[in-house]
Amino acid sequence: MKKFLSDKIQTIKPSGIRKFFDIVSEMKDAISLGVGEPDFETPWHIRDEGIYALEKGRTFYTSNAGLKDLRAEIGNYLSRTQGINYDPQSEILVTVGGSEAIDIGLRAIINAGDEVIIPQPSYVSYEPCAVLAGATPVIINLKAENEFRLTAEELEEAITHKTKILILPYPNNPTGAIMGREDLEKIAKVVIEKDILVMSDEIYSALTYKGEHVSIAGIEGMKERTILINGFSKAYAMTGWRLGYACGPKEIIKQMTKIHQFAIMCAPTVSQYAAVEALKHGDEDVKKMRQAYNQRRRFLMNAFREMGLKCFEPYGAFYVFPCIKEFGMTSEEFATRFLEEEHVAAVPGTAFGESGEGFLRISYAYSLPTLKTAMERLNHFVNRLRGA
Amino acid sequence: MREELLGIIEKNSRIDIKELAVLLGREEIEVANELAKLENEGIICGYHTLIDWEKTSIEKVTALIEVKVTPQRGQGFDHIAERIYNYPEVKAVYLISGGYDLLVTLEEKTLREISNFVSDKLSTLDSVLSTATHFILKKYKDHGTILDKKPEDGREVVTP
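First to last, the protein sequences are chains A and B. 1 is the number of the first residue of the first sequence in our numbering; add one for each residue after it. 389 is the number of the first residue of the second sequence in our numbering; add one for each residue after it.
Put into structure tokens, the structure is as follows:
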């Protein structure tokens, strides 16, 4: 059978978290801190709008690029939160989650051999999508001492004459790192100088805990060379609705729309109607969820401090990324033993790239009581390791 | 900090000051001072426990009573409201806009006690014109908490 398979797809490794998934599923009292989606249900008024859309018989395809109303609302949202103005007609495309936008964004611009710069640790799909698009991924190993931000020097070093695009994943999964305006301005300068593009994955933009999120697309000279990706999953707790969007120069959006048109047709119609409601009336929900996440984030940081576990303070997404190097184990060993001995699942940093070695991704998309129990167990585990 | 603090203790009044300080990212002393202020200003009026009495063997009957009254010169509804809320079995009294004036929540052990209260005490008050009593058959949600539903985590256990 193997001879029938694509060579390219066979070079891609399956995600490393499957093993943990299998163990946790079998353990009765296991606590998982390994989930990359909100614990909140979608706010009721948004769900209600989805139900209403079904009742009204909104069961047909929408236009390829997405409902006009939705694109207009996305335009409004980016204009009021980022001060960036996109033309809903030609510069906004509604996709099946941010993930589809990443895939088709790369496919729309890559020629064989083009290089895609991917800072890691970062979300697991950039590298496979780049490879499938025919690109050569160039990895930048982000450093803990920079709080996992990308620096202009690191970027400059990675750029060659083959570089086509930089993927900029902030607020970051798995580290929780964010990039401020000044950080972004330095990156933008290099990007413009070297004449490359940026794919800015801002799916966690609504979840920052120190000032408001800044998009690189809003920095002068960047809108015309940025594919901005965002969606509804994290901000509005709508992961299962599968809805995201891409905004960018109309030439790129036009090509992306072509791929989307032939591969997908359109994003789920019911989800699109619900998303209009989310953008129109969801600000208060987002605020409440952000406040809850922030409380949990502070709780975890305090728990780490009390245990003497090193962790830089992350101000984005819903992850903390503590350093476990003092225990002389790989992330994978640590995570496996933590799960087997204390029945708590966390994802080893290496699931998000080699530079995640020595770190653990802990998600705080969990209730405080759950986090409390998990931190008691972590404390127990850490003390035992230190005692031994 | 005030709104966020109130938001937390409205859901969990048993939380201690140390933990509150952590969640709010403040010093314990700041939080303690703010709590004291909120109590002094009468913004925090008490620390209650939400109990689903139906699950105990203790009998309780709750009634909502709509009351129409004649407001009194110079005192409006306040005087009659006071006459009613002074009864300890009265759990809540609200002034309501619309078809009637006061909404009274009453908690007793039996239906008879409630009907006695309405006929003997409430209806006989001078300014009370009429009453309509509704008994609560089942509480689905109270104080923002759904009573009969345990939270379930429907997510896959590990996802990137």
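Every residue, glycine too, gets a C-beta built ideally from N, C-alpha and C.
N85 of chain A (DSSP reduced to helix, strand or coil) = The residue you call residue 85 of chain A lines up with position 85 of the first sequence. In the displayed model, N85 of chain A falls within coil according to three-state DSSP, outside both helix and strand.
Give, in chain order, every unbroken run of the alpha helix (DSSP H) that is at least 4 residues long and sits entirely within the region 231 to 313 of chain A.
-> 250 to 263, 269 to 281, 283 to 307
Using a Cβ-Cβ cut-off of 7 Å, state whether F299 of chain A counts as contacting chain B.
-> If you number the first sequence from 1, residue 299 of chain A lands on position 299. Answer yes: the Cβ-Cβ gap between F299 of chain A and chain B drops below 7 Å somewhere.
Among residues of its own chain, excluding the 5 on either side of H281 of chain A, which ones have a beta-carbon nearer than 7 Å to its beta-carbon?
-> On the first sequence, position 281 is the one that residue 281 of chain A refers to. Excluding sequence neighbours, H281 of chain A sits near H45.
Output yes if chain B places a C-beta closer than 7 Å to the C-beta of I9 of chain A; else output no.
-> Here residue 9 of chain A refers to the residue found at position 9 when the first sequence is read from its first residue. By this cut-off, I9 of chain A is not an interface position.
Residues near I468 of chain B in its chain [Cβ-Cβ closer than 6 Å; skip 5 each side] | Your numbering for residue 468 of chain B matches position 80 in the second sequence. Contacts found: V457, S515.
Would a check of beta-carbon distances place F148 of chain A closer than 7 Å to chain B?
-> If you number the first sequence from 1, residue 148 of chain A lands on position 148. Not one chain B Cβ lies under 7 Å of F148 of chain A.
Say whether chain A places a C-beta atom closer than 7 Å to the C-beta of T458 of chain B.
-> Numbered from 1 along the second sequence, position 70 holds the residue referred to as residue 458 of chain B. Judged by the 7 Å Cβ criterion, T458 of chain B is not in contact with chain A.
Taking a cut of 7 Å between CB atoms, which residues from the region 302 to 330 of chain A lie near chain B?
-> N302
M199 of chain A bridges to which residues according to DSSP?
-> Taking the first sequence and counting its residues from 1, one reaches residue 199 of chain A at position 199. The partner list for M199 of chain A (beta bridge, DSSP) reads A:I167, A:I227.
With a cut-off of 8 Å on the beta carbons, I'd call P137 of chain A and E127 of chain A a contact; round off their distance for me.
-> On the first sequence, position 137 is the one that residue 137 of chain A refers to. On the first sequence, position 127 is the one that residue 127 of chain A refers to. Sure, about 5 Å apart at Cβ, within 8 Å.
Nearest-angstrom Cα distance between Q10 of chain A and I397 of chain B?
-> Counting from one through the first sequence, the residue named residue 10 of chain A turns up at place 10. Counting from one through the second sequence, the residue named residue 397 of chain B turns up at place 9. Going from the Cα of Q10 of chain A to the Cα of I397 of chain B covers about 54 Å.
With DSSP collapsed to three states, give me the class of N141 of chain A.
-> On the first sequence, position 141 is the one that residue 141 of chain A refers to. The answer is strand: DSSP assigns N141 of chain A an E or B state.
Could you give the DSSP three-state label for D530 of chain B: helix, strand or coil?
-> Counting from 1 along the second sequence, the entry for residue 530 of chain B is found at position 142. Strand.
Do you know how far the Cα of I264 of chain A is from the Cα of R107 of chain A?
-> Stepping through the first sequence from its first residue, residue 107 of chain A is reached at position 107. Stepping through the first sequence from its first residue, residue 264 of chain A is reached at position 264. In a straight line, the C-alpha of R107 of chain A is about 14 Å away from that of I264 of chain A.
Could you give the DSSP three-state label for R58 of chain A: helix, strand or coil?
-> For the purposes of this step, residue 58 of chain A is identified with residue 58 of the first sequence, where counting begins at 1. In the structure shown, R58 of chain A sits in coil (DSSP, three-state: anything other than H, G, I, E or B).
What number of angstroms, rounded off, separates the C-alpha of V506 of chain B from the C-alpha of G486 of chain B?
-> Here residue 506 of chain B refers to the residue found at position 118 of the second sequence. Here residue 486 of chain B refers to the residue found at position 98 of the second sequence. Using only the alpha carbons, I get a separation of about 21 Å.
Establish whether the CB of G532 of chain B and some CB of chain A are separated by less than 7 Å.
-> Residue numbering aside, residue 532 of chain B sits at position 144 when the second sequence is read from its first letter. Answer no: the Cβ-Cβ gap between G532 of chain B and chain A never drops below 7 Å.
Three-state secondary structure (DSSP) at E407 of chain B?
-> By one-based count along the second sequence, residue 407 of chain B stands at place 19. Note: E407 of chain B maps to helix in three-state DSSP.
Does the distance from the C-beta atom of G98 of chain A to that of I216 of chain A stay below 7 Å?
-> Mapped onto the first sequence, residue 98 of chain A falls at position 98. Mapped onto the first sequence, residue 216 of chain A falls at position 216. No, the Cβ-Cβ distance between G98 of chain A and I216 of chain A is not below 7 Å.
Could you name the residues of the same chain whose beta carbon sits closer than 7 Å to that of S90 of chain A, not counting the 5 residues immediately before and after it, in chain order?
-> For the purposes of this step, residue 90 of chain A is taken as the residue at position 90 of the first sequence. Correct list, in chain order: K250, I253.
DSSP on K456 of chain B, reduced to helix/strand/coil?
-> One-based indexing of the second sequence puts residue 456 of chain B at position 68. K456 of chain B: strand per DSSP, three-state reduction.
Could you check the C-alpha separation between N111 of chain A and M199 of chain A for me, to the nearest Å?
-> For the purposes of this step, residue 111 of chain A is taken as residue 111 along the first sequence, with counting starting at 1. For the purposes of this step, residue 199 of chain A is taken as residue 199 along the first sequence, with counting starting at 1. C-alpha of N111 of chain A to C-alpha of M199 of chain A: approximately 16 Å in a straight line.
With distances taken between CB atoms, is the gap from I117 of chain A to L166 of chain A smaller than 7 Å?
-> Counted from its first residue, the first sequence places residue 117 of chain A at position 117. Counted from its first residue, the first sequence places residue 166 of chain A at position 166. Yes, these two residues count as a Cβ contact at 7 Å.
L494 of chain B beta carbon less than 7 Å from that of I502 of chain B = Mapped onto the second sequence, residue 502 of chain B falls at position 114. Mapped onto the second sequence, residue 494 of chain B falls at position 106. Yes, the pair counts as a contact, with Cβ atoms nearer than the cut-off.
Close-in-space but distant-in-sequence residues of the same chain around A135 of chain A (CB under 6 Å, 5 per side omitted) | Counting from 1 along the first sequence, the entry for residue 135 of chain A is found at position 135. Residues I110, D114, V116 of the same chain have their beta carbon placed closer than 6 Å to that of A135 of chain A, with the five preceding and five following residues left out of the count.
Answer yes or no: do G316 of chain A and I178 of chain A have a C-beta to C-beta separation smaller than 7 Å?
-> Against the first sequence, residue 316 of chain A aligns to sequence position 316. Against the first sequence, residue 178 of chain A aligns to sequence position 178. Cβ distance < 7 Å, so G316 of chain A and I178 of chain A count as in contact.
Starting from L93 of chain A, follow its DSSP beta bridges and name the residues at the other end.
-> Along the first sequence, one-based indexing puts residue 93 of chain A at 93. A:A246.
Quick one: grab the DSSP three-state call for A345 of chain A.
-> Position 345 of the first sequence holds residue 345 of chain A. The answer is strand: DSSP assigns A345 of chain A an E or B state.
Through-space distance from D489 of chain B to T512 of chain B, alpha-carbon basis | For the purposes of this step, residue 512 of chain B is taken as residue 124 along the second sequence, with counting starting at 1. For the purposes of this step, residue 489 of chain B is taken as residue 101 along the second sequence, with counting starting at 1. Going by the C-alpha atoms only, they are around 16 Å apart.
Mind checking whether the beta-carbon of R47 of chain A lies closer than 6 Å to any heavy atom of the ligand GDP?
-> In terms of ligand content, the structure shown is empty, and the ligand GDP therefore cannot be addressed.
Min CB distance V545 of chain B to chain A below 7 Å | The residue given as residue 545 of chain B occupies position 157 in the second sequence. It does: the Cβ of V545 of chain B has a partner Cβ on chain A nearer than 7 Å.
Separation of H161 of chain A from C129 of chain A, as counted between CA atoms = Position 129 of the first sequence, counted from the first residue, corresponds to residue 129 of chain A. Position 161 of the first sequence, counted from the first residue, corresponds to residue 161 of chain A. Approximately 21 Å, taken between the alpha carbons.
Using the beta-carbon of each residue, which ones in chain B are nearer than 9 Å to I17 of chain A?
-> Within the first sequence, residue 17 of chain A is the residue found at index 17, counting from 1. Residues of chain B passing the Cβ test: V546, T547, P548.
Report yes or no: is there a C-beta of chain B within less than 7 Å of the C-beta of G211 of chain A?
-> Translated into the one-based positions of the first sequence, residue 211 of chain A becomes position 211. So, not an interface residue.
Through-space distance from P322 of chain A to G308 of chain A, alpha-carbon basis = For the purposes of this step, residue 308 of chain A is identified with residue 308 of the first sequence, where counting begins at 1. For the purposes of this step, residue 322 of chain A is identified with residue 322 of the first sequence, where counting begins at 1. Distance between the alpha carbons of G308 of chain A and P322 of chain A is about 11 Å.
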